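Using our numbering, read the sequence shown as starting at 58 and increasing by one per residue.
All C-beta atoms in this analysis are idealised placements derived from N, C-alpha and C, irrespective of residue type, glycine included.
Keep in mind it's a predicted model, so treat the numbers as computed, not measured.
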Amino acid sequence: MNVSAYLKVDKAAFFDFVSRQAEGRFEYEEGRIVQQMTGGTRRHAVIAQRLVSLLERQLDAAAWLVTGHNRGVDTGPTVRYPDVVVEPASGTWDDLSTAAPALLAEVLSPSTHQLDMNVKPAEYMSLPSLKAYIVASQDAPQCWLWLRGLDGRFPELPQEAGRDGTIAVAALGLAIPLAEVYRGLAPAAGRPPHQT
């Protein structure tokens with residue numbers, strides 16, 4: 058279905074529209090339905106799935122729910138569908154989105170680099186519940202991590218970690234070794250690693 062990004066709708070109309078789509082991926086941006094890329098690479102899918110799996114192993118399932126890219130995150134002016142969402146396990150099972158994620162993660166692709174590294178951090182970090190935002194490269198074993206500090210604020214620039222690094226989120230008791238995230242994945246052929 059061809060979606061016009063110029064037609065303004067409210068969130069209820071957006072969720073109604075999304076619930077009736079058999080295929081495609083859409084986000085809500087300041088009153089507009091915006092079609093997103095589908096059909097990511099195998100590498101993208103593996104990295105996202107490994108993050109979900111590693112988070113599920115380390116988090117208490119009675120306290121936290123870990124989901125993939127089908128879970129909406131309502132930031133106010135937008136509804137995004139990150140690759141990984143961690144939210145409190147309490148809540149209703151029929152919600153179409155959450156406004157209280159504790160951790161969000163995106164896997165970069167060439168078409169989403171600008172959005173994931175420059176636009177989404179500000180949107181996500183405006184959520185009081187968010188403790189961490191992770192961006193994982195699919196081109197090389199490299200991640201960027203924004204952590205909420207003790208003062209309640211996020212740093213302007215993220216921490217960066219490579220293959221031998223660990224994503225540590227003390228507030229959630231997490232320590233994710235990047236070697237496990239990128240195990241067996243060769244760097245992407247023909248594309249240089251992402252730069253911040």
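Requested in this report: Determine, using beta carbons only, whether D196 and E163 come nearer to each other than 8 angstroms.
Outcome: no
Query raised in the report: Taking the beta strand (DSSP E) that E86 falls in, what are its first and last residues?
Result: R82 to E86
Query raised in the report: What is the DSSP secondary structure of R210, counted as helix, strand or coil?
Result: coil
Report task. Measure how close the beta-carbons of Y190 and L161 come, nearest whole angstrom, since I'm counting them as under 8 angstroms. Result -> 5 angstroms
Requested in this report: Within 10 angstroms of the Cβ of A227, are there 16 or more other Cβ atoms? Answer buried if so, exposed if not.
Outcome: exposed
**Report entry** Paired residues, beta bridge with T149 - DSSP
**Finding:** Beta-bridge pairing links T149 to no other residue.
Query - Cross-strand partners of Y190 (DSSP beta bridge) - result: L161 and W203
**Report entry** Endpoints, beta strand (DSSP E) assigned at L122
**Finding:** That run of the beta strand (DSSP E) goes W121 to T124.
**Report entry** S154 vs G129 beta-carbon contact at 8 angstroms
**Finding:** yes
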